[in-house]
């Protein structure tokens, strides 16, 4: 008997948060921020985007994060604002994904599904974090737990334990909470420019370190800088990895390209409208957008 009132309350709360009636940050995550116009209300219950999928292509969005809630936005003279998502913005994104019925999966689970060994839930999405920054443990991890979200953490093994990075005890906590721990190499080298021997050390030794420190076999790898060249997939497969991720800005994945899955970078300047616009599934079919119209 409470289904409709509860659904109406939930819809109104989520919508108010997303369009800025309840300010989420100093920017308010206002939907009228350029370049997307006043998009949230229109996007939320709009038809899903149409993708012209070719044979062997599937929709599996993989999001890329670096910093969440970082306070110091400059490093070695370079601005980090592009890479930093505020804690409030990140929480709003998680709330939106949950409200729209997205189900978190790991990159390892995606690899198994592409190999035909497992199936993915409806509306799968992978959240990934690169490098192993301290804020990923201090800020992102508690929010992921709050919203029941799992994620894949690509750690650069020589960075772990250094200032501003997690230590191995904290990475172990992520592992114990059901997060996938995967490799981002040893020293964050551009593997497209590296000699084969050096690339192999980055790929193989980082996996060995993760096993030594955590007792898990990393099955996923993230290319530093998204840099790729011929020969790297064979090295990754030989080392024991089942998938690798780069960049690409699209949720479209190719079944035969497990060693370069595309990721969508979540940027510091993203509004909720711009974030929503890059997702493949909207509110159609969810309680937010019932067939009789908004509650």
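Numbering (my numbering), first residue to last: -3 to 291. Beta carbons are placed, not taken as given, at the ideal position from N, Cα and C, and that holds for glycine.
For residue i, the three-state DSSP class (helix, strand or coil)
i	result
residue 53	strand
residue 158	coil
residue 64	strand
residue 263	coil
residue 59	strand
residue 276	coil
residue 250	strand
residue 42	coil
residue 270	helix
residue 168	helix
residue 25	Summary for residue 25: the model assigns pLDDT 35, below 50, so the residue's position carries little reliability, and this model does not support an answer.
residue 284	coil
Whole-Å CB distance - residue i paired with residue j, under 8 Å assumed
i	j	result
residue 63	residue 139	Not quite, the Cβ-Cβ distance comes to about 13 Å (not below 8 Å), so this is no contact.
residue 122	residue 185	Contact flag wrong, Cβ pair sits at about 24 Å.
residue 241	residue 124	7 Å
residue 166	residue 133	5 Å
residue 90	residue 137	At roughly 12 Å, the Cβ-Cβ gap does not stay under 8 Å, so residue 90 and residue 137 are not in contact.
residue 269	residue 231	That belief does not hold up - the Cβ atoms of residue 269 and residue 231 are roughly 40 Å apart, past 8 Å.
residue 243	residue 57	At roughly 13 Å, the Cβ-Cβ gap does not stay under 8 Å, so residue 243 and residue 57 are not in contact.
residue 211	residue 135	26 Å between Cβ atoms; not a contact.
Beta-carbon spacing of residue i, residue j below 9 Å
i	j	result
residue 174	residue 202	no
residue 94	residue 143	yes
residue 217	residue 239	yes
residue 266	residue 81	yes
residue 188	residue 224	yes
residue 282	residue 44	no
residue 258	residue 79	no
residue 39	residue 248	no
residue 84	residue 76	no
residue 228	residue 219	yes
residue 103	residue 120	no
residue 178	residue 148	yes
residue 275	residue 98	yes
residue 41	residue 278	yes
residue 47	residue 55	yes
residue 235	residue 190	no
residue 271	residue 96	no
Neighbour flag for residue i against chain B, beta carbons, 9 Å
i	result
residue 194	In the structure shown, chain B does not exist; there is a single protein chain.
Heavy atom of the ligand PLP within 8 Å of residue i beta-carbon
i	result
residue 182	Here there are no bound small molecules, and the ligand PLP is not part of this structure.
Query - In chain order, each beta strand (DSSP E) run of at least 3 residues that lies wholly inside the region 182 to 243 - result: Residue ranges of uninterrupted beta strand (DSSP E) with 3 or more members, entirely inside the region 182 to 243 and ordered along the chain, are 216 to 218 and 239 to 241.
Query - Stretch pair the region 110 to 125 + the region 248 to 262: three plus CB contacts closer than 8 Å - result: Touching, yes, given that three or more Cβ pairs across the two stretches are closer than 8 Å.
Requested in this report: Please determine if the region 112 to 124 and the region 159 to 169 are in contact, where contact requires at least 3 C-beta pairs separated by less than 8 Å.
Outcome: No, they do not touch.
Query raised in the report: Using 8 Å as the threshold, is the region 145 to 157 in touch with the region 119 to 128, meaning 3 or more CB pairs across them?
Result: Put simply, the region 145 to 157 touches the region 119 to 128. At least three CB pairs are less than 8 Å apart.
Report task. Report the residue ranges of all alpha helix (DSSP H) runs contained in full by the region 71 to 135; include only those spanning at least 4 residues, in chain order. Result -> 83 to 95 and 103 to 110, all fully within the region 71 to 135.
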